[in-house]
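Residues in the sequence shown are numbered from 947 upward in steps of one, following my numbering. Just below is one structure, and these are the notes that go with it.
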Amino acid sequence: MRGRLDELVMIRGAKFYPVQVERVLSSYGTLADEYRIVLERDPATWLDRCTVQVEAAPGEFPSPALEERISRRLSDELAVDVAVQILPYGSLERSPRRVRIVDRRAGSGGP
């Protein structure tokens, strides 16, 4: 899988591109196109966490069972544990330049 080098995500020894996440998400018709990859460091364990936030398609509703299925598929595809949060349509901020990666790990340019 190829992507822009500046979009390469490295977490807990795994490397992946947002396009790999997008490919999995796009296979679900109940999801919209808008998503974010949120990287955070757990203050208790100092381990990095990856959460994919994705919007439900208009008229669809988030489902914990679907979140779990997508989490398993992404974890298999990316070789790292990935949590998934399905948000109501319109929840994620829109901007002219899509921000796909939000890195909140200390020392990585996050807040």
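The beta carbon of each residue, even a glycine, is placed where N, CA and C say it ideally should be. These numbers come from a predicted model, not from an experiment.
Please name the residue, chosen from the options, that lies closest to residue i on a Cα-to-Cα basis.
i: R995; options: V1026, L954, E953; result: V1026
i: Q966; options: R1044, L954, G959; result: L954
i: E968; options: R958, A960, D979, G959; result: D979
i: R958; options: G975, D988, R982; result: D988
i: G1036; options: A990, A1003, P1042, Y974; result: A1003
i: D1049; options: T976, L971, V984, M956; result: V984
i: E1006; options: R1044, S972, L977; result: L977
Give the secondary structure of residue i by DSSP, where H, G and I count as helix, E and B as strand, and everything else as coil.
i: D988; result: coil
i: P1057; result: In this predicted model, P1057 has a pLDDT of only 41, less than 50, meaning its place in the structure is not dependable; the value taken from the coordinates is given anyway. Coil at P1057, not helix or strand.
i: L1020; result: helix
i: E980; result: strand
i: M947; result: Bear in mind that the predicted position of M947 carries a pLDDT of just 46, short of 50, making it unreliable; the figure below should be weighed with that in mind. It is coil, neither helix nor strand.
Taking all protein chains shown into account, decide if residue i is buried (16 or more other Cβ within 10 angstroms of its Cβ) or exposed.
i: F962; result: buried
i: V998; result: buried
i: E1014; result: exposed
i: P1034; result: exposed
i: E1001; result: buried
i: P964; result: buried
Could you spell out where the beta strand (DSSP E) holding residue i opens and where it closes?
i: E1001; result: 994 to 1002
i: A1029; result: 1029 to 1033
i: V955; result: 955 to 957
i: V1048; result: 1047 to 1049
Which residues bound the alpha helix (DSSP H) around residue i?
i: R967; result: A small correction: the amino acid at residue 967 is Val; Arg does not occupy that position in the sequence shown. 964 to 971 is the span of the alpha helix (DSSP H), which, as asked, contains V967.
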